[in-house]
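> Residue numbers (our numbering), protein chains in the order written: chain X, 232 to 325; chain L, 232 to 325; chain V, 232 to 325; chain R, 232 to 325; chain E, 232 to 325; chain C, 232 to 325; chain U, 232 to 325.
Cβ atoms here follow ideal geometry from the backbone N, Cα and C, with glycine treated the same way.
Keep in mind that this is a model prediction, so the values were computed, not measured.
Written out as structure tokens, the structure reads:
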């Protein structure tokens with residue numbers, strides 16, 4: 232993976248429905264801003280906000296739940312990714 | 232429970248009406264942004280805001296009142312949960 | 232009273248019209264955001280904002296004037312309460 | 232006067248037209264957000280904002296000009312008052 | 232002049248067209264938010280913002296250019312004045 | 232030039248099309264918020280924001296690109312100028 | 232390149248479709264705010280925000296992905312550039 236996100240951004244790859252189900256997460260299909268599951272593929276260096284370092288709490292390989300409409304989608308070497316800020320990641324599934 | 236919320240987020244499970252009533256809380260059915268009752272199932276590590284650590288004031292097992300339209304809903308192993316920020320929790324019922 | 236408000240929130244119980252009149256306060260009936268009178272029944276621990284502790288300036292038993300449309304209403308053991316932030320309390324009546 | 236305003240709030244009593252004229256101030260009748268004249272009857276203790284104490288610059292008895300649509304109106308012992316934040320007071324007339 | 236503005240506010244008196252022209256400034260008549268010229272008649276003590284003192288950069292007698300729709304208009308002893316924040320003053324004409 | 236801008240404001244004079252072209256800059260004619268080229272004629276003293284001094288990065292004589300709809304226009308001794316904040320200047324052309 | 236961006240701004244030159252494809256990035260054609268690829272041609276000195284220096288994380292020659300509708304477009308010596316803030320750059324492609 233050769234995309235290096237800036238600041239507190241994270242690059243994630245959405246998990247397909249079957250993968251999601253295997254993980255035990257079933258996401259509602261009708262919510263207006265439905266969370267979704269993805270795998271982290273790249274993590275930014277963090278950034279300063281209000282004079283305080285924002286440390287990155289996720290790492291490559293983490294399964295995460297994020298808000299569907301956050302972030303920007305991009306295709307790279309035939310695969311689709313989403314670049315979003317860490318604050319748009321709701322939780323890590325372990 | 233294997234969902235680890237990030238920052239100052241909390242994972243809660245809504246209490247059914249009968250449970251709510253047993254707790255002594257009856258919530259109004261018509262308010263535009265009606266509070267609801269839930270049990271805390273996972274708590275994030277807290278976060279820094281304006282250069283100050285936000286400590287988590289709720290713990291797993293707490294019964295809490297929160298604003299209905301805050302947070303994101305997610306299904307996990309057949310159960311529905313809500314992930315929201317601690318600031319959207321109004322009070323703990325003891 | 233078993234509701235413990237979080238942060239700088241306060242739980243109040245609205246005073247009935249006769250109680251309000253007895254206190255000498257008569258509130259206008261037509262203002263768009265009319266203040267109302269209530270008694271404080273529970274007070275949060277305060278919170279940090281902009282790196283500064285917000286101390287609670289009201290205590291249980293205080294008669295307060297607040298903006299009608301602020302806060303969330305909740306029923307508890309048959310009684311109605313309002314949970315709001317201290318900054319939505321305008322004044323204490325002594 | 233038994234209303235104790237919280238934070239940086241001030242309780243004022245509007246001056247009648249004749250009083251206003253006597254003071255030398257004549258206020259425009261058609262401005263969209265016209266200033267008005269009032270007398271300060273109670274002053275809050277001040278508050279912290281952005282880590283800095285906001286000191287109260289007005290005192291009981293001051294004649295002040297304020298923006299008409301700021302603040303909340305309240306009746307107390309048959310008289311009408313306005314509760315507003317000090318930052319909505321434009322100037323003191325001496 | 233007996234109006235003492237609070238905080239970082241300034242009291243100004245608009246200059247008539249002939250005065251403005253004499254000063255060499257001709258203001259456009261059709262701009263949506265056209266600047267105007269005025270003379271400073273009273274200056275507030277300054278204020279703290281974000282933990283930093285805002286010093287007053289204008290003094291009584293300064294000719295200033297300001298945005299037309301900023302501030303509040305008030306009549307005092309038969310003359311019209313405008314009370315506005317120093318940040319709404321664009322420049323001093325020397 | 233006798234206009235002294237306040238805070239972090241800058242007074243600029245727009246360059247005519249032929250001057251702009253001579254400088255090598257051709258600006259798009261249809262963009263919704265098209266940048267434009269101008270020469271700096273006066274620079275404010277800078278200001279404090281968030282407890283940090285904003286230093287002025289432009290000086291009199293600089294050719295700058297700025298957003299068309301930012302700032303206020305003013306005529307002075309028969310010439311038109313624009314007064315805008317330094318943050319609305321995009322770049323210096325050297 | 233003679234455009235020196237101010238503050239935390241960056242001047243970029245969009246890469247043509249063929250260049251983009253050669254880099255392995257294929258961008259979606261229908262997203263409402265689609266990211267795009269470009270090469271950095273000039274970088275500002277950074278700036279202070281909230282009392283903290285924003286360091287520049289990109290350098291001249293970097294291939295970057297940015298949000299299409301951010302920034303201002305400008306023509307210089309016959310070529311089109313975009314001037315945008317570093318925070319509108321999503322990631323560097325390596």
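So, does the CB of residue 269(C) fall closer than 9 Å to a CB anywhere in chain E?
For residue 269(C), the answer is no, since every Cβ of chain E falls outside 9 Å of its Cβ.
> Looking at residue 323(E) and residue 202(C), is the spacing between their C-beta atoms short of 9 Å?
Because chain C spans 232 through 325 in this model, residue 202(C) falls outside it and cannot be assessed.
> Counting C-beta neighbours from all protein chains within 10 Å, is the total for residue 312(U) 16 or more, i.e. buried, or is it exposed?
Per the 10 Å Cβ criterion, buried.
> Against residue 324(V), what residues of chain R qualify as contacts under a CB-to-CB distance less than 7 Å, listed in chain order?
Under the 7 Å cutoff, chain R gives 233, 234.
> Run through chain X and tell me which residues come within less than 9 Å of residue 314(L), C-beta to C-beta.
Within chain X, the residues near residue 314(L) are 266, 296, 321, 322.
> Touch check for the stretch 267-276 of chain L and the stretch 285-292 of chain L: three-plus C-beta pairs under 8 Å?
Enough Cβ pairs lie closer than 8 Å, so yes.
> Count the other CB atoms, across all protein chains shown, that sit within 10 Å of the CB of residue 309(C); report buried if there are 16 or more and exposed otherwise.
The residue is exposed, with fewer than 16 neighbouring Cβ atoms inside 10 Å.
> Relative to the alpha-carbon of residue 233(X), which residue among 319(X), 307(X), 316(X), 314(X) has its alpha-carbon at the smallest distance?
Nearest of 319(X), 307(X), 316(X), 314(X) to residue 233(X), Cα basis: 307(X).
> When the Cα of residue 298(E) is compared with those of 237(E), 277(E), 317(E), 286(E), which residue comes out closest?
The option with the nearest alpha carbon to residue 298(E) is 317(E).
> Is the beta carbon of residue 282(C) less than 9 Å from the beta carbon of residue 281(E)?
In contact: residue 282(C) and residue 281(E) (Cβ atoms closer than 9 Å).
> Less than 9 Å separating the beta-carbons of residue 314(L) and residue 240(L)?
For residue 314(L) and residue 240(L), yes; Cβs fall inside 9 Å.
> Would you mind sorting residue 302(L) into buried or exposed? The rule is 16 or more other CB atoms within 10 Å of its CB.
With 16 or more other Cβ atoms within 10 Å, it is buried.
> Starting from residue 312(L), follow its DSSP beta bridges and name the residues at the other end.
In the DSSP output, where bridge partners are listed per residue, residue 312(L) has 305(L).
> Would you say residue 282(L) faces chain V, with C-beta separation under 9 Å as the test?
Taking Cβ atoms only, chain V reaches closer than 9 Å to residue 282(L), which makes this a yes.
> With a Cβ-Cβ cutoff of 9 Å, do residue 285(X) and residue 279(L) count as a contact?
For residue 285(X) and residue 279(L), yes; Cβs fall inside 9 Å.
> Which residues in chain C have a C-beta closer than 9 Å to the C-beta of residue 240(U)? List them in chain order.
Under the 9 Å cutoff, chain C gives 321, 322.
> Run through chain R and tell me which residues come within less than 8 Å of residue 246(E), C-beta to C-beta.
Correct list: empty, because the minimum Cβ distance to chain R is about 19 Å.
> Using three-state DSSP, classify residue 318(R) as helix, strand or coil.
Three-state result, residue 318(R): helix.
> Taking 9 Å as the CB-CB limit, is residue 311(E) close to chain C?
So, not an interface residue.
> Against chain U, does residue 318(C) count as a neighbour if the rule is that its beta carbon must be under 9 Å from one of theirs?
So yes, residue 318(C) belongs to the interface.
> Within 10 Å of its beta-carbon, does residue 242(L) have 16 or more other beta-carbons around it, so buried, or fewer, so exposed?
So residue 242(L) counts as buried.
> Have a look at the DSSP bridge pairing and note the partners of residue 268(E).
Answer is 296(E).
> Using a Cβ-Cβ cutoff of less than 7 Å, which residues in the same chain neighbour residue 305(E) once the five nearest sequence positions on both sides are dropped?
Only 312, 314 meet the Cβ criterion.
> For a test of the three-state rule: what should DSSP assign to residue 273(R), helix, strand or coil?
In this structure, residue 273(R) counts as strand in the three-state DSSP scheme.
> Between residue 305(U) and chain C, is the shortest Cβ-Cβ distance under 9 Å, so that the two count as touching?
Closer than 9 Å: yes.
> When you compare only the Cα positions, how much space is there between residue 268(L) and residue 247(L)?
Computed Cα separation, rounded: 9 Å.
> On the DSSP bridge list, what partners appear for residue 242(C)?
DSSP output for residue 242(C) lists 273(C), 314(C) as bridge partner(s).
> Taking the C-alpha atoms as reference points, what is the distance between residue 276(C) and residue 276(E)?
The alpha-carbon atoms of residue 276(C) and residue 276(E) are separated by roughly 20 Å.
> Roughly how many whole angstroms lie between the Cα atoms of residue 325(V) and residue 287(X)?
Taking the straight line from one Cα to the other gives about 50 Å.
> Return the first residue and the last residue of the beta strand (DSSP E) that residue 287(C) is part of.
Careful: residue 287(C) lies outside any beta strand (DSSP E) and carries neither H nor E.
> Residue 288(X) versus chain L: which residues are under 7 Å apart at the beta carbon?
Neighbours of residue 288(X) on chain L, chain order: 237.
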